[in-house]
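Chains as they are written, first to last, in my numbering: chain A, 1 to 297; chain B, 1 to 360. A quick write-up on the structure given underneath.
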């Protein structure tokens, strides 16, 4: 009984916060647009009972999904989002790993402070932090003023409203999600393993590659997923920092929803996006599970 | 940004004290003198919750989703027309709006094409879509002969190529940019024929590589700070940018011109959603806004013309006397209006717009 309850809680969580919203979106993706409130048809009318439900089901079709295949915009946007997500995950790893490594190697008395410094930016609104990047990166912004002032460049650089700004924004925003899991695995690592490796003739660099990196693999994977998954559907950062050439599925979805008032097609785009994301999430789950089993818990 | 955030902050504070005596207004950003909001609260004893948006699309989605919780919203003419058709607005009760006698027939005649009989809405402000330019920077890029008052400035690739380095913003509003492109090509700007609309694409696509950003509100600050030198924007917004630059005393001189080829004339209409929680309070707000002095204060502050005849003697000279705000007869003749696209055409337009903006 108790066991059933323990299992029921996460399943209820999944049902309420994932499955129900997904079914609502799926339902809209199968309907048609109409100039009305809400702007799609059919809407489910339960007052007619079973017959009403049957009529509702009969009116649904896959038209909106086939529509997505007729225009190359959609797969281009999916691909471009994937590309931006992969590159920025890699960049975040490149920046985040040394930071996590430094934190884990720091004096024990310092670690809580360093950890605090990583978490601290979350105390400010995410939106404000992205806005401040606009101030830093703009044509007359602080970065250009500094570089021109130092004589490094003579003409201000155009960074804001380009993909470069989007990468900067994403790496900055998601960096803590990369650092924290890597730090967690590195901190747990037994330092005597490194000594052993060096005793056995490893150089410090090869000890790092042969011992430290493999042992922090689970942290790297966790960090990469935590960055990759939200980045694919990212809307705020590309719309504030990106330019007109930044093509991401989040923006396409916005346009379907707001400009075309086509909720059904917008929902179809969202359903496909979810399917693309479910695959890495399942891989992530598998990895977690395997790790837990390996640790014998 | 400052004036956009301030009401939002106020909203956060007020939202905790929700009650029946409150009116929720959803208006465009940078579109009112905030002193008027306080005046409304003191005069009527109603609590005002004032929230802002910067695109008709956002407003329309909220309206069509239903249950927005707003009592007064401000769609533009074409959007209003479609939302009325969807049943989003309630007819106004003019017995509760004695100040509607102040409205200006010239504008009422024109808004009637969107709202037959002006039954669902009153005009708040109107204006034109035109060209903003940083005089010094454009002269630097194009020489003194840069055509500041012609669409050639923004639609000729050779001009845009030279302007690229100092920054050009376009409104992210296909329903305004495509008519402007068609007008420049000598076509009917209000065409709903996909074949005619398609003619705008090569023109816009040719200048797109030189456009820094398509956005409908960032250009105000960007112009004022000197971050960009040219924008296609809304008349009053550009004039606000001009004034911010003067206030900042940063040496930036901004001018606004309605293009000589003809400019789009648009109308922002105040309306009450069908499901407004407080229609009584909404009428009180509309009546307050139509007061001659209040409307004059609003126009004096935001530099947009209004549809209120009685307010005109109370307008400052740099508003009523500025042809960029109140165009003279000749310019007025040269202005055109548009009507909403049917949904099939809308999809063609949006898709074309995405293609233009993203290059795909």
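Positions of the beta carbon are idealized from the N, C-alpha and C atoms, including for glycine. All values derive from a computational prediction rather than experimental measurement.
Flag residue i as yes if its beta-carbon sits less than 8 Å from any beta-carbon of chain B, otherwise no.
i	result
residue 61(A)	no
residue 157(A)	no
residue 264(A)	no
residue 274(A)	no
residue 39(A)	yes
residue 146(A)	no
Residues of chain B with a CB under 7 Å from the CB of residue i: which are they?
i	result
residue 258(A)	57, 58 and 61
residue 33(A)	343
residue 255(A)	350 and 354
residue 161(A)	212 and 213
Judging by CA-CA distance, which residue of the options is the nearest neighbour of residue i?
i	options	result
residue 37(A)	27(B), 77(B), 21(B) and 66(B)	66(B)
residue 21(B)	34(B), 27(B), 36(B) and 40(B)	40(B)
residue 335(B)	358(B), 273(B) and 261(B)	261(B)
residue 298(A)	86(A), 141(A), 173(A) and 148(A)	This structure leaves residue 298(A) out entirely; chain A is present only between 1 and 297.
residue 180(A)	138(A), 201(A) and 96(A)	96(A)
residue 223(A)	24(A), 184(A) and 106(A)	184(A)
residue 196(B)	84(B), 26(B) and 348(B)	348(B)
residue 100(B)	122(B), 113(B), 111(B) and 112(B)	122(B)
residue 292(B)	69(B), 104(B) and 199(B)	104(B)
residue 257(B)	132(B), 87(B), 38(B) and 157(B)	132(B)
residue 191(B)	38(B), 29(B), 338(B) and 23(B)	338(B)
residue 193(B)	251(B), 171(B) and 343(B)	343(B)
residue 181(B)	281(B), 208(B) and 345(B)	208(B)
residue 71(B)	106(B), 346(B), 92(B) and 282(B)	282(B)
residue 307(B)	31(B), 246(B), 247(B) and 108(B)	108(B)
residue 66(A)	34(A), 51(A) and 269(A)	269(A)
Need the endpoints of the alpha helix (DSSP H) that residue i sits in, please.
i	result
residue 125(B)	Premise fails: residue 125(B) lies in the beta strand (DSSP E), 121-134, not in any alpha helix (DSSP H).
residue 227(A)	217-232
residue 255(A)	249-258
residue 232(B)	Note, residue 232(B): premise wrong, no alpha helix (DSSP H); beta strand (DSSP E) at 230-234.
residue 133(A)	126-137
residue 362(B)	The structure shown does not extend to residue 362(B), since chain B spans only 1 to 360, so no value can be given for it.
residue 283(B)	279-289
Could you work out which residues of chain A lie near residue i, taking near to mean beta carbons separated by less than 7 Å?
i	result
residue 227(B)	138, 139 and 140
residue 357(B)	244
residue 346(B)	260
residue 214(B)	244
residue 242(B)	Chain A residues near residue 242(B): none, gap ~17 Å exceeds 7 Å.
Under 8 Å by Cβ, that's how I've got residue i and residue j pegged, so tell me the actual separation to the nearest angstrom.
i	j	result
residue 42(A)	residue 56(A)	5 Å
residue 179(B)	residue 189(B)	4 Å
residue 230(B)	residue 163(B)	5 Å
residue 127(B)	residue 236(B)	5 Å
residue 30(A)	residue 61(A)	7 Å
residue 76(B)	residue 285(B)	Contact flag wrong, Cβ pair sits at about 19 Å.
residue 170(A)	residue 231(A)	6 Å
residue 271(B)	residue 89(B)	5 Å
residue 97(B)	residue 290(B)	7 Å
residue 77(A)	residue 247(A)	5 Å
residue 254(B)	residue 169(B)	The pair is not a contact, with the Cβ atoms about 13 Å apart (cut-off 8 Å).
residue 271(A)	residue 25(A)	6 Å
residue 263(A)	residue 28(A)	5 Å
Hey, is residue i's beta-carbon within less than 8 Å of any beta-carbon in chain A?
i	result
residue 208(B)	yes
residue 354(B)	yes
residue 267(B)	no
residue 155(B)	no
residue 110(B)	no
residue 375(B)	Because chain B in this structure spans residues 1 to 360, residue 375(B) falls outside the shown range and cannot be described.
residue 340(B)	no
Grab the span of the beta strand (DSSP E) containing residue i for me, first residue to last.
i	result
residue 397(B)	Residue numbering for chain B in the displayed model covers 1 to 360; residue 397(B) lies beyond these limits and cannot be assessed.
residue 221(B)	No beta strand (DSSP E) contains residue 221(B), which is instead part of the alpha helix (DSSP H) from 218-225.
residue 188(B)	No beta strand (DSSP E) contains residue 188(B), which DSSP labels as neither H nor E.
residue 22(B)	22-28
residue 74(B)	Looking at the DSSP string, residue 74(B) is not in any beta strand (DSSP E), and its letter there is neither H nor E.
residue 145(B)	Taken as a continuous stretch (DSSP letters only), residue 145(B) belongs to no beta strand (DSSP E), as it is neither H nor E.
residue 47(B)	47-53
What residues from chain B crowd round residue i, counting only those whose CB sits closer than 8 Å?
i	result
residue 36(A)	64, 86 and 87
In chain B, which residues lie less than 9 Å from residue i when you measure between Cβ atoms?
i	result
residue 73(A)	351, 354, 355, 358 and 360
Run through chain A and tell me which residues come within less than 9 Å of residue i, C-beta to C-beta.
i	result
residue 82(B)	35 and 261
Verify the CB distance criterion: does residue i have a CB-CB separation below 8 Å to chain D?
i	result
residue 247(A)	In the structure shown, chain D cannot be found, because the protein chains are A and B.
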